[in-house]
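Participant: The numbering used here numbers the first residue of the sequence shown as 585 and each following residue consecutively. Built from N, CA and C at the ideal position, the CB exists for glycine as well. The model shown is predicted, which means the values in this text are computed figures rather than measured ones. Sharing a structure, written as structure tokens. Questions coming.
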Amino acid sequence: MPKPRSSTPRPQPSSRPQQRRSERAAPHEHPGQPSASRNEGQRAPREHRGRGRQGGKPGGPYWLAGVHAVQAALENPARTILRVLLTTEARPDFIERLSTPLPASVETTDRAHLAALLGAETVHQGVAALVEPLEAMDLEDALERPGPILVLDQVTDPRNVGAILRSAAAFGAACIVMQDRHAPDEGTALAKAASGALEIVPLIRVVNLARSLETLKRQDIWTIGLDAGGSRLNGSSLGGRRAALVLGSEGDGLRRLTREACDEIAGVYMPGHMESLNVSVAAAVGLYELIRTN
């Protein structure tokens, strides 16, 4: 979370009227949460369809490395697995971990081959899999999942996005929304940092982030720009309302238009002597504050 630049007054959560949500979304609402703003029987236009590439998949096949990432992919029925490589040493323990049978085409290899394939610096634990990217999901569909939402405003480091995914899975977030042109592709480094969370929390890629924030508001989701220049983040002030945390880039923080599109600007409580946090750490602390009080 970057150094504060400006302060934004904190509006009251009740300042935006609550409306009814469509029947299709109703089974996924949290107990005690207000319903979202969509007219009965109507569905908002789908403006946020992943990357819009043929087949709905961003990019091509890539390697997953490490026990947790490969296990989660094998246990995800939505994931297309092309190859699985195991070393002789890793195979028995890995098979014991799995809740699903290994593919019949699993290949036995050695650590030297995996190092040559994945790179000498990749920590693979003797396990790797070649996979297709996951199918893109619409923002509207992702919002039917319970939990808070994370919105990333040009966070470009795949390791940061992977770490944010891991925190999102740990704290029950519904999805992560990213601007398509300024976000890393689904790939080895991102998946490794996510440690299996890529199979749990959808990554939603959108063209226009400000428009996506308006979509969240129409669903009666309170949007909070996470920045030290605002008031102190306090989940209890939401009164059970569903919220989205909006996080800025590693260097510049939230862009001006993104800040202006948020309902409020707030920062995490830091009584020590540091002025900012890494964006992935700020996401984890912010999510904890939201679920701790709801």
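Rounded to whole angstroms, what is the Cα-Cα separation between residue 848 and residue 808?
Facilitator: One C-alpha to the other measures close to 5 Å.
Participant: Output the boundary residues of the beta strand (DSSP E) element that contains residue 853.
Facilitator: Segment: none, residue 853 is in no beta strand (DSSP E) and carries neither H nor E.
Participant: Name the DSSP bridge partner or partners of residue 759?
Facilitator: Answer is 733.
Participant: Return the Cβ separation of residue 739 and residue 860 in integer angstroms, given the expectation that the two are a contact with Cβ distance under 8 Å.
Facilitator: Between residue 860 and residue 739 the Cβ distance is about 14 Å, and since that is not below 8 Å, they are no contact.
Participant: Would you check if the distance between the CB atom of residue 682 and the CB atom of residue 718 is smaller than 8 Å?
Facilitator: No, the Cβ-Cβ distance between residue 682 and residue 718 is not below 8 Å.
Participant: Count the other CB atoms, across all protein chains shown, that sit within 10 Å of the CB of residue 795; report buried if there are 16 or more and exposed otherwise.
Facilitator: Counting Cβ neighbours within 10 Å, residue 795 comes out exposed, since fewer than 16 surround it.
Participant: Going by DSSP in three states, residue 663 sits in which element: helix, strand or coil?
Facilitator: If DSSP states are grouped into helix, strand and coil, residue 663 belongs with coil.
Participant: Could you pull out every residue in the same chain whose Cβ sits closer than 7 Å to the Cβ of residue 747, ignoring the five residues on either side in sequence?
Facilitator: The residues are 777 and 864.
Participant: For residue 755 and residue 735, I'd like the C-alpha separation in whole angstroms.
Facilitator: Between residue 755 and residue 735, the C-alpha separation is close to 15 Å.
Participant: When burial is assigned at 16 or more other CB atoms within 10 Å of the CB, is residue 707 buried or exposed?
Facilitator: By the neighbour-count rule (16 or more Cβ atoms within 10 Å), residue 707 is not buried but exposed.
Participant: Skipping 5 residues on each side, what residues in its chain have a beta carbon closer than 7 Å to that of residue 868?
Facilitator: Once the five neighbours on either side are set aside, the close Cβ partners of residue 868 are 751.
Participant: For a test of the three-state rule: what should DSSP assign to residue 680, helix, strand or coil?
Facilitator: Helix at residue 680.
Participant: Is residue 808 near the ligand PLP, going by C-beta to nearest heavy atom under 7 Å?
Facilitator: Absence of the ligand PLP from the depicted structure is noted, as is the absence of any ligand whatsoever, leaving it without description.
Participant: If you reduce the DSSP assignment to three classes, tell me which class residue 811 lands in.
Facilitator: Looking at residue 811 - three-state DSSP - the assignment turns out to be strand.
Participant: Judging by CA-CA distance, which residue of 664, 792 and 653 is the nearest neighbour of residue 737?
Facilitator: Out of 664, 792 and 653, 792 has the C-alpha closest to the C-alpha of residue 737.
Participant: Skipping 5 residues on each side, what residues in its chain have a beta carbon closer than 6 Å to that of residue 850?
Facilitator: Correct list, in chain order: 808, 814, 815 and 817.
Participant: Please list the segments of the alpha helix (DSSP H) lying wholly inside the segment 817-849, counting only runs of 4 or more residues, in order along the chain.
Facilitator: Listed in chain order, the complete alpha helix (DSSP H) runs (minimum 4 residues) inside the segment 817-849 are 840-845.
Participant: Need the endpoints of the alpha helix (DSSP H) that residue 798 sits in, please.
Facilitator: Residues 793-802.
Participant: Quick one: any contact between the segment 711-728 and the segment 660-677, if contact means 3 or more CB pairs under 8 Å?
Facilitator: With a cut-off of 8 Å, the segment 660-677 and the segment 711-728 count as touching, because enough Cβ pairs lie within range.
Participant: Counting along the chain, where does the beta strand (DSSP E) carrying residue 750 start and finish?
Facilitator: That residue, residue 750, is in no beta strand (DSSP E); its alpha helix (DSSP H) goes 742-754.
Participant: Please classify residue 638 as buried or exposed, where buried requires at least 16 other C-beta atoms within 10 Å of its C-beta.
Facilitator: Any reading at residue 638 must be qualified, since the residue scores a pLDDT of 30, below 50, and its modelled position is unreliable; the value itself is stated next. It is exposed - the Cβ of residue 638 has fewer than 16 other Cβ atoms within 10 Å.
Participant: Tell me, which residues are paired with residue 646 by DSSP?
Facilitator: BP columns for residue 646 point to 715.
Participant: Quick one: what's residue 691 bridged to in DSSP?
Facilitator: According to DSSP, which records beta bridges pairwise, residue 691 is partnered with 669.
Participant: Would residue 669 pass as a contact of residue 679 if the rule is Cβ separation under 8 Å?
Facilitator: For residue 669 and residue 679, no; Cβs fall outside 8 Å.
Participant: Within 10 Å of its beta-carbon, does residue 767 have 16 or more other beta-carbons around it, so buried, or fewer, so exposed?
Facilitator: Buried, by the Cβ-count rule.
Participant: Straight-line CA distance for residue 820 to residue 830?
Facilitator: C-alpha separation (whole angstroms): 18 Å.
Participant: Near residue 612, what residues of its chain come up, given a Cβ to Cβ distance below 7 Å and the 5 sequence neighbours on each side ignored?
Facilitator: Low confidence applies to residue 612: its pLDDT is 33, below 50, so where it sits in the model is not reliable, and the reading given next is rough at best. So the qualifying residues of the chain are 728, 729 and 730.
Participant: Would you mind sorting residue 646 into buried or exposed? The rule is 16 or more other CB atoms within 10 Å of its CB.
Facilitator: With 16 or more other Cβ atoms within 10 Å, it is buried.
Participant: So, at 8 Å on beta carbons, what are the nonlocal neighbours of residue 684 in its own chain, with the 5 sequence-adjacent residues on each side left out?
Facilitator: The answer, listed in chain order, is 658 and 659.
Participant: Measure the C-alpha to C-alpha separation of residue 789 and residue 688 and round it to an integer number of angstroms.
Facilitator: When rounded, the distance between both Cα atoms is 34 Å.
Participant: Using the three-state DSSP reduction, which class does residue 875 fall into: helix, strand or coil?
Facilitator: Residue 875: helix per DSSP, three-state reduction.
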